[in-house]
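According to my numbering, the sequence shown is numbered sequentially starting from 289.
Glycine is no exception: its CB is placed at the ideal position from the N, C-alpha and C atoms.
The next block holds one structure in the form of structure tokens; read it before the comments.
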Amino acid sequence: MQFVESRSEMAEGNGLTTMDQDESGDDSVVVTLGPVTQPTYMHEKNNSEDYETLIAYGLDEKVASKLDEIYKTGKLAHADLDERALDALKEFPVEGALNVLVQLLDANLEHVSNKSAYLCGVMKTYRQKSRAGQGSQPNNLAKAPDEDKIKSILERTGYTLDVTTGQRKYGGPPPGWDGPTPGNGCE
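If you want it as structure tokens, here you go:
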């Protein structure tokens, strides 16, 4: 028992406890290495270089963070947005910009050729709905057509889908057309 006491005394001198005896008489080893601290995990955001570019451009931190999140999904790249779209996003109210970006994240951008113009169109629609008093609650937002139905129609007819904003294209030769190509103004 002398050995145990000397270890215990040595441990007490260091502020450590190495050997205790419980009521049953069994020896149990308890090692304490000073004050016990729980590790703190800071929530680190792995922001990309584009995030820093967006902040430097003057976007709000929340808006830049949401846009960076969209970039990370691969649905949109920083190069897809031109200066006009970034300026419009910068001038937009923060809550409105976040709602617009959520709409953009939920949208199917697969066939959108000009994503910058698409974003500006979504912002314009949001602004018009806000002014009309319809608000911007998710319940009031119109949902996109069913993607599976559109794909089945495209596969059945052989047509391709080109999503544009502004002027629509109509007409043109049907798939498998063997005749002469229609002239200008036939779109």
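Beta bridge counterpart(s) of residue i as assigned by DSSP
{"i": "Val410", "result": "Answer is none; Val410 lacks a bridge partner."}
Burial state of residue i, where buried means 16 or more other Cβ atoms lie within 10 Å
{"i": "Leu442", "result": "exposed"}
{"i": "Tyr345", "result": "exposed"}
{"i": "Leu364", "result": "buried"}
{"i": "Tyr339", "result": "buried"}
{"i": "Leu374", "result": "buried"}
{"i": "Lys403", "result": "buried"}
{"i": "Leu449", "result": "exposed"}
{"i": "Gly467", "result": "exposed"}
Proximity of residue i and residue j at Cβ, strictly below 8 Å
{"i": "Val390", "j": "Met411", "result": "no"}
{"i": "Pro433", "j": "Tyr447", "result": "no"}
{"i": "Lys354", "j": "Leu377", "result": "no"}
{"i": "Pro461", "j": "Thr453", "result": "no"}
{"i": "Leu369", "j": "Leu392", "result": "no"}
Beta carbon proximity, residue i to chain B, threshold 8 Å
{"i": "Gln416", "result": "Protein chain content of the structure displayed is limited to a single chain, and chain B is not contained in it."}
Segments of 3+ residues assigned as beta strand (DSSP E) that fall wholly inside the stretch 337–404: none
Cβ contact (3+ pairs, closer than 8 Å) linking the stretch 395–408 and the stretch 340–359: no
Given 8 Å, three or more beta-carbon pairs between the stretch 335–354 and the stretch 374–391: yes
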